[in-house]
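Notes follow once the structure below has been shown.
Number of protein chains: 2
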Amino acid sequence: MTATSHTSADTPLSYEQAGVNYDLIDPLKVAAQRAAAATAGHLPAHGFQEVPASRGESAYVVDVGPFYLASIVECLGSKALVADEMQRLTGRSYYAGIAQDTIAMAVNDLITVGATPLVVQAYWAAGGSEWFKDAERAQALVQGWKAACDVCGVAWGGGETPALAGIVEAGRIDLAASCTGIISPKTRLSVGDDLGPGDAIVLLASSGIHANGLSLARKLAERLPDGYLTEIEPGLTYGDALLAPTTLYSPVTEALASAGVKLNYCANITGHGWRKLLRHPKALTYRIRNVPPVPAVLKFMAQQARHDDREAYSTLNMGAGFALFVPAEQAARTVEIARAAGVDAWVAGSVEAGPKQLLVEPLSLRFSDDDLQLR
Amino acid sequence: MTATSHTSADTPLSYEQAGVNYDLIDPLKVAAQRAAAATAGHLPAHGFQEVPASRGESAYVVDVGPFYLASIVECLGSKALVADEMQRLTGRSYYAGIAQDTIAMAVNDLITVGATPLVVQAYWAAGGSEWFKDAERAQALVQGWKAACDVCGVAWGGGETPALAGIVEAGRIDLAASCTGIISPKTRLSVGDDLGPGDAIVLLASSGIHANGLSLARKLAERLPDGYLTEIEPGLTYGDALLAPTTLYSPVTEALASAGVKLNYCANITGHGWRKLLRHPKALTYRIRNVPPVPAVLKFMAQQARHDDREAYSTLNMGAGFALFVPAEQAARTVEIARAAGVDAWVAGSVEAGPKQLLVEPLSLRFSDDDLQLR
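So the sequence lines, in the order shown, correspond to chains C and V. Everything in the first sequence is counted per full-length UniProt numbering, starting at 1 for the first residue and increasing by one. Everything in the second sequence is counted per full-length UniProt numbering, starting at 1 for the first residue and increasing by one.
Listed below in structure tokens is the structure:
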């Protein structure tokens, strides 16, 4: 892990080299998590209480009596930088897709705990009022945002559109979304209490890179002679492939709830790639027997970064954007319902008693708890 | 309104000159509001519905049956730039106060609709992992965030701490907070349905500039020979005065609810200064007979910017950070309860039948609907 700022196309490229140093962020995260946990005691004064198991999960859950309340704020990350560069190269605006990506970051996390997303708030912080001068881009952002809300059946409540010169870089925009939902009936809560041996692991298809791993993707573009315009398949550039909008998974989880399928746990496969399958603290073995097809853009990235399977599956979603842990007898139905909702799905493996580990049999990979320190 | 980039100390300084061009933002806002309003139809499918009167208010409200759900996301704005500069000048970290400011932006907006804030989520987007290297500053942010949650009796659910090099400027941080609360009992809803002639206007004291008007404050600092270290009172620098944390008003609104005081409407006095008193769409005349004392830092700013009262009261809070519209017979008690909760308060005026206008009698000011186009 050296601090070189230039890498040749023959050198493997790690996530740290791509610019994110988790070692510096993590001590703050730990302090913040500790301080946050200490505030749960305020809820009983209002007659409510937190669901302690949701601490460390993707969304925070409070028991408000007749149902649970779930909430979250999520950031798009650096995918907008790819959209900006592609707009410069092609003249097209990619912000409708970017809007969907931003909502997906929030909604796909919120639904992991069993919530129906109800309200989304927009956080669009531009580097200056000038950002909004490009009316086509601004309209794409608005229309894409609304379209994603329509897909998720969520109300767009409002939001903030500050111009933050001096904080956000000129010509850039910092995009985030907050989302509030409810878990009703309360039996839909899926923070892992019922997760256990025998559960099937159903993987839902990703549309590509989604919105994680973009720092790496951007670094790779710098090493390509044609950059984002490199064709990774006939007629498909690297940039266009990267900008495929993130799949919204709430239509699947809502359809499953309507059909009475019980989700014991869910994992949104974002940063840390498949290591996210190890998210729950229980000591369980997750055995994957079938690996979904890898989207062309992720195959290309892994090749270009000289990643072996271990590194690729620890960093990128590799075709699986979301994992559902369901009772074995509901696995086949889960796949059918997901497909009917427009998202490809596979029964990929199962949960077993055993040490905490993820075994990806077709690739002979093993990840253990040491590979994922999220809490 | 010229586009000069330099202004001498003798020239008046308008908000537009200070760097925010609302004309560019507003068409996007209008398009976004229209698209957002069109998504309300998704809620009935979940068995719920929006409270239409909350569109255009500071927080969005959904009727979820036993109570209302309110949610919001809010940005700190550019106050962190003042904290950064003061840290450079004094070596001290101001981020505990900045944390309170950020939470206040969200909580003080959420409570306007009658909500009890329950959960806050942190959005801390740094210009790079390096931001977190300054452990003292990072700890101040964490501890200040927790302390503000403690004051508001709110649970800190979690949040996002992305490192966004290329989007957020190096060495800077983009701070925001989302907040979710409930309105219970439902009679606490204060979106203005009962606002009307005869209501008293109670103003709650601000602690200073709060977190609005900072672009102007920063421009003024550039014109001062001693900048932020200019003493505005013996022993109090301009920078320190600006960085007084925003007052958190939820302890007041919660105490009022406990005491059975009915709030007919509330206005969080932020951007647009006292014009926010005209926020509700009803045609009503708001007559102010008593003007609260002006904090030294705001008096100093108005002087330095060569603002007359009209411009000062249209831009800054001028000592009133929050307005409560209550039945006249509860006005005196409202003041008592606010003071008991640690926030100074005054019965400042009343609501009358008449054209939509704000009359500030002691200063002979009149603002009409044309002066405030927020919706």
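Backbone N, C-alpha and C define an ideal beta-carbon position, used for all residues, glycine too. For clarity, every value in this text was computed on a predicted model and none was experimentally measured.
V/212 is the residue among V/212, V/285, V/113 whose C-alpha sits nearest the C-alpha of residue 297 of chain V.
Across the structure, residue 327 of chain V and residue 250 of chain V are spaced so that their CA atoms are roughly 20 Å apart. In the DSSP assignment, residue 145 of chain V falls within the alpha helix (DSSP H) that extends over 135-152. Within the same chain, Cβ atoms closer than 6 Å to the Cβ of residue 164 of chain V are found at 125, the five residues on either side in sequence being excluded. Shown in chain order are the members of the region 156-167 of chain V whose Cβ falls below 7 Å from a Cβ of chain C: 156, 157, 158, 159, 160, 161, 162, 163, 164, 165, 166, 167. For residue 194 of chain V, there are no C-beta contacts with chain C under 8 Å, since the nearest C-beta of that chain is about 23 Å from it.
Among the bridge pairs identified by DSSP, residue 201 of chain V is matched with V/325, V/349.
Residue 334 of chain C carries a helical assignment under DSSP once its states are collapsed to helix, strand and coil.
Along the region 251-281 of chain V, none of the residues has a CB nearer than 7 Å to a CB of chain C. Assigned with DSSP and collapsed to three states, residue 361 of chain V falls in helix. Taken through DSSP and simplified to helix, strand or coil, residue 313 of chain V comes out as helix.
Flagged as an interface residue toward chain V: residue 69 of chain C, by a C-beta distance shorter than 9 Å.
According to the DSSP assignment, residue 268 of chain V belongs to the beta strand (DSSP E) that extends over 265-268.
Residue V/336 holds the alpha-carbon nearest to the alpha-carbon of residue 346 of chain V among V/353, V/355, V/354, V/336.
Per DSSP, the unbroken beta strand (DSSP E) holding residue 183 of chain V starts and ends at 173-183.
Contact check for residue 200 of chain V against residue 140 of chain V fails: the beta carbons are separated by 9 Å or more. Collapsing the DSSP output to three states places residue 89 of chain V in a helix. Each of C/214, C/242, C/239, C/151 was checked against the Cα of residue 75 of chain C, and the nearest Cα belongs to C/214.
Spatial neighbours of residue 79 of chain C in its own chain (CB-CB distance under 6 Å, excluding positions within 5 residues in sequence) are listed in chain order as 101, 211, 214.
The contact set of residue 153 of chain V on chain C, defined by CB atoms closer than 8 Å, consists of 42, 45, 46 in chain order. Listed along chain V, no residue sits closer than 7 Å to residue 183 of chain C by beta-carbon distance, the nearest being about 12 Å off.
The beta carbon of residue 264 of chain C is closer than 6 Å to those of 194, 195, 199, 325 in its chain, skipping five residues each way along the sequence. Annotation for residue 63 of chain V: the continuous beta strand (DSSP E) segment containing it runs 60-63. When rounded, the separation of the alpha-carbon atoms in residue 183 of chain C and residue 114 of chain C is 6 Å. Residue 300 of chain C sits in a helix when the DSSP states are folded into three classes.
Here residue 330 of chain C is buried. Its C-beta has 16 or more other C-beta atoms within 10 Å. Comparing alpha-carbon positions, the option among C/60, C/82, C/129 lying closest to residue 73 of chain C turns out to be C/60. For the region 121-146 of chain V, the beta-carbon criterion of a distance under 9 Å to any beta-carbon of chain C is satisfied by 121, 122, 123, 124, 125, 126, 127, 128, 129, 130, 131, 132, 133, 135, 138, 139, 141, 142, 143, 145, 146. Taking all protein chains in view, the Cβ of residue 207 of chain C is crowded by 16 or more other Cβ atoms within 10 Å, so the residue is classified as buried. Contact between residue 361 of chain V and residue 288 of chain V holds, since their C-beta atoms are separated by about 6 Å, short of 8 Å.
Contact residues of the region 340-358 of chain V toward chain C are absent (C-beta to C-beta distance below 7 Å).
The Cβ atoms of residue 301 of chain C and residue 216 of chain C sit closer than 9 Å to each other. Residue 218 of chain V: member of the alpha helix (DSSP H) spanning 214-223, first to last residue. DSSP places residue 251 of chain C outside any beta strand (DSSP E); the residue lies instead in the alpha helix (DSSP H), whose first and last residues are 250-258.
Against chain V, the beta carbon of residue 371 of chain C has no neighbour under 7 Å; the closest one sits roughly 20 Å away. When only Cα atoms are considered, residue 343 of chain C and residue 92 of chain C end up about 27 Å apart.
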